[in-house]
Ligand code: SF4
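Residue numbers (this note's numbering): 491 to 774.
So, in structure tokens, the structure goes:
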């Protein structure tokens, strides 16, 4: 719970307070209970999960916690968010690679492709460091699904700095991106920063980024077509098709028996759009 980072645009540290970590045995007990009740897709949540355990009287960092939880017997997948790039470590990536129950998905917000803007945001990493993390991660887990958050139009962002954000998404090629047009939060330092770029320019940049990312997401989804992926069926849409999630968290619309809901199935992917995959349950 909470956050110590004080990014200059964010209200969270003021409203949620400083970081606190639950004891590992308490998290494990809760997970065991969820697994006993039949839950199969479990997400560890925190403002900055990567700083778990820091300053605590127990010796367990986030990678240790993930490893311990993945050893709990049962049929489940473990997810987590949100990871802060300044605290994401090789140890975390190695743990993700080695633990079968940890989903091969990382949400790693970059926020801007410009090191100057990142400094103004008080993010604690540079563009180069972020890109080196992505390289390390992909070297360990080539199939990783990578998603992120980005802010367009942070106060003082120049057109050239926005172009650095565009170039970063071309380099990384995220599976999906949560894009935000900057809007000031009351009481944060960013609210008082000079902001000369006209709103129209920010909106045009935002649309450009969105459009390009949609193309990349579509292209990345096409690679699933023809493949068979294990996914957890979690419901049924209004069109009667089942909804499911791959290990990497991709949404799949499936033709299949509603009796499959709550079970793992193999799905043959026949079609893909920007936002979702489509396919059939492979019997047996
Ligand atoms: Fe903390 Fe995230 Fe807010 Fe930064 S953006 S202050 S890391 S909660």
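Beta carbons are placed, not taken as given, at the ideal position from N, Cα and C, and that holds for glycine.
If you draw a straight line from the Cα of residue 579 to the Cα of residue 619, it is about 11 angstroms long. Straight-line measurement puts the Cα of residue 676 at about 15 angstroms from the Cα of residue 506. Secondary structure note for residue 585: its alpha helix (DSSP H) is the uninterrupted segment 580-588.
The way I'd put it, the stretch 648-660 doesn't touch the stretch 627-637; fewer than three beta-carbon pairs between them come closer than 8 angstroms. In the displayed model, residue 768 falls within a strand according to three-state DSSP.
Residue 733 places its beta carbon less than 8 angstroms from that of residue 726. Residue nearest to residue 511 within the set 679, 532, 544 is 544 (criterion: CA-CA distance). Here residue 656 carries a helix assignment [DSSP, helix/strand/coil].
Residue 757 carries a strand assignment under DSSP once its states are collapsed to helix, strand and coil.
Judged by DSSP secondary structure, residue 571 falls within the beta strand (DSSP E) whose first and last residues are 567-571. A direct Cα-Cα distance of roughly 16 angstroms separates residue 525 from residue 593. The nearest non-hydrogen atom of the ligand SF4 is 7 angstroms or more from the C-beta of residue 540.
Around residue 662, the same chain offers 624 as residues with beta carbons nearer than 6 angstroms, after the five sequence neighbours per side are excluded.
When only Cα atoms are considered, residue 724 and residue 688 end up about 44 angstroms apart.
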